[in-house]
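Notes to accompany the following structure.
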Amino acid sequence: MIITATEFKNKVGEYLELSQKEEVIISKNGKSIAKLVAIDENEYPATKALTGVFEKAASYDSVRVKGERLKKYENID
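For the sequence shown, our numbering begins at -7 and goes up steadily by one.
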């Protein structure tokens, strides 16, 4: 379905719901500017696999990261 940006702005909720069933293309001044589509949860398995990694990374600050990075050079003669 193709709609104008004004239509989208006035009926956002309706078009978000419709996008779960079909593509919604938004046009402005006669040109397509955006496409609203449903997310396929199975399409991004790597993202889900990294979720735990990013949660652990949040506990690192810049000082700790620098220390970990430089640690590998401590035993170089």
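Even for Gly, the Cβ is constructed at its ideal location relative to N, Cα and C.
Keep in mind it's a predicted model, so treat the numbers as computed, not measured.
Which of helix, strand or coil DSSP assigns to K3: Within the sequence shown, numbered from 1, the residue matching residue 3 stands at position 11. It is coil, neither helix nor strand.
For I31 and N2, the rounded distance between their alpha carbons: As a first step, residue 2 must be located in the sequence shown, where it is residue number 10. As a first step, residue 31 must be located in the sequence shown, where it is residue number 39. Each residue's Cα considered, the two are about 23 Å apart.
Beta strand (DSSP E) segment containing V16, residue limits: The residue given as residue 16 occupies position 24 in the sequence shown. Residues V16 to K20.
Backbone secondary structure at A(-3) - three-state DSSP: Walking along the sequence shown from the start, residue -3 turns up at place 5. If DSSP states are grouped into helix, strand and coil, A(-3) belongs with the helices.
Three-state secondary structure (DSSP) of S54: Looking up residue 54 in the sequence shown gives position 62. Here DSSP, grouped into helix, strand and coil, assigns S54 to helix.
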